[in-house]
Amino acid sequence: MNRRTLLHTAGGVAAGTLVAGCIGSSGRTVTVDYAYYNPVSLVIREHGWLEDAFADADAEVEVEWVLSLGSNDANEYSQSGEAAVASTAGIAALMARSNGVPIRTPYIYSDPEWTALVTKSESAIETVADLEGNSVAATRGTDPYFFLLQALEDAGLTEDDVEVVHLQHPDGQTALVQDDVDAWAGLDPHMAELELEHDVDLFFREPGYNTYGFLNVLESFLEDHPEDLERVLETYERGRQWALENPEETAGILASESEMSRPVAERVFVERNDLSRPRPDDQHRSLLEDLAPILTAEGLVDDDADPAESVDDLIDTRTAAAVID
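Residue numbers (this note's numbering): 104 to 428.
Printed below as a string of structure tokens:
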């Protein structure tokens with residue numbers, strides 16, 4: 104299956120088929136994503152802690168890392184079964200689950216303010232209402248896209264009132280710089296880079312419209328290899344605690360991995376990430392229930408899907424309880 108197949112067309116039929124590839128006669132591969140918008144994943148990968156966790160347990164498991172450039176990438180990894188563990192925004196995870204991708208969310212890797220609406224400082228656009236008739240770059244199926252939809256609704260507009268140019272996050276950043284679009288639904292770290300290194304304004308910010316960082320696991324992985332998942336979550340807890348205790352060092356890892364400047368990395372991690380609440384709870388459930396109608400209204404889920412009901416299928420409050428302090 105092509106990894107770029109849309110979630111709508113493939114559902115979750117193939118999910119889980121590739122995450123336990125053979126190594127020799129008895130070994131397996133556990134594939135985990137890393138993302139610049141998930142600094143804890145970078146910390147874990149940098150230190151080799153996940154590999155150590157399986158080695159210490161004498162588990163015949165090889166860890167494979169894949170890069171997600173956005174929630175859409177991560178969802179496609181889950182859809183095709185290429186990754187057992189992948190990191191998305193909360194609303195993107197709900198979209199995937201509603202469309203039949205069998206994922207669950209046992210862990211919250213961040214509570215970030217990672218998206219805002221951005222335009223050049225000399226632009227006449229000062230409010231969301233000013234977007235009417237203008238072009239906005241956004242990555243469909245990701246938090247910035249849903250952030251844009253909520254902002255438009257607040258202003259009495261819909262997606263039909265603007266020209267949404269569907270570009271991956273780095274391409275949206277470039278399009279704004281090159282005047283190919285009038286505005287951009289930005290995502291850190293690319294947004295912070297523009298903010299510090301170019302003459303742009305974050306003209307609409309609303310932290311409550313950011314839908315958390317969800318660490319999603321395939322149900323087949325959870326059910327067939329619970330001991331492997333426990334090691335992954337324990338390692339995430341190790342990475343989270345280290346990042347909390349070493350914010351400057353974490354920013355340095357983010358800068359090195361993403362090839363961004365140190366000031367940009369510090370703005371992303373130190374100023375706009377909160378790692379204090381890793382356990383999924385009723386607050387996350389309530390937020391997704393409130394946003395579920397957007398998925399249906401925008402045609403982002405199958406006709407017979409019920410995103411509100413899928414919230415309960417997605418949120419897993421029990422699995423990580425034993426490993427979270």
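Here a beta-carbon is modelled for each residue, glycine too, at the ideal position from N, C-alpha and C.
Source: prediction; values computed, not measured.
- Out of D155, R370, R382, E412, the CA that lies nearest to the CA of D419 is found in R382.
- The Cβ atoms of S144 and A408 lie no closer than 8 Å to each other.
- By the criterion of at least three beta-carbon pairs nearer than 8 Å, the segment 175-189 is not in contact with the segment 394-409.
- Remark: fewer than three beta-carbon pairs, one from each stretch, lie closer than 8 Å, so the segment 342-350 and the segment 225-239 are not flagged as touching.
- Relative to E352, the option among P142, Y180, G311 whose CA is nearest is P142.
- Of all C-beta pairs linking the segment 168-178 to the segment 301-315, fewer than three are shorter than 8 Å, placing the two stretches out of contact.
- Straight-line spacing of the CA atoms in P350 and Y315 works out to 19 Å.
- In the DSSP annotation of this structure, the continuous segment of the beta strand (DSSP E) that includes I211 starts and ends at 206-215.
- Within the same chain, Cβ atoms closer than 6 Å to the Cβ of I147 are found at L153, T338, G342, the five residues on either side in sequence being excluded.
- The beta carbon of V284 is closer than 6 Å to those of S238, A240, V268, A278 in its chain, skipping five residues each way along the sequence.
- Burial state of V373 is exposed, judged by a 10 Å Cβ sphere holding fewer than 16 other Cβ atoms.
- In the DSSP assignment, H269 falls within the beta strand (DSSP E) that extends over 266-269.
- A189 is bridged by DSSP to N319.
- Spanning the alpha carbons of A219 and D415 requires a straight line of approximately 28 Å.
- The alpha-carbon of F306 is positioned some 22 Å away from that of A192.
- Cα atoms of H328 and E340: separation of roughly 19 Å, rounded to the nearest angstrom.
- Between the segment 286-294 and the segment 351-370, the count of Cβ pairs shorter than 8 Å is three or higher; the stretches touch.
- Looking only at R207, E322, L378, A286, the smallest Cα-Cα distance to E348 is reached by L378.
- Assigned with DSSP and collapsed to three states, L378 falls in coil, not helix or strand.
- In this structure, DSSP gives R243 a state outside helix and strand, which the three-state scheme calls coil.
- For D304, the enclosing beta strand (DSSP E) stretches over residues 303-307.
- Around the Cβ of G244, a 10 Å sphere holds 16 or more other Cβ atoms; the residue is buried.
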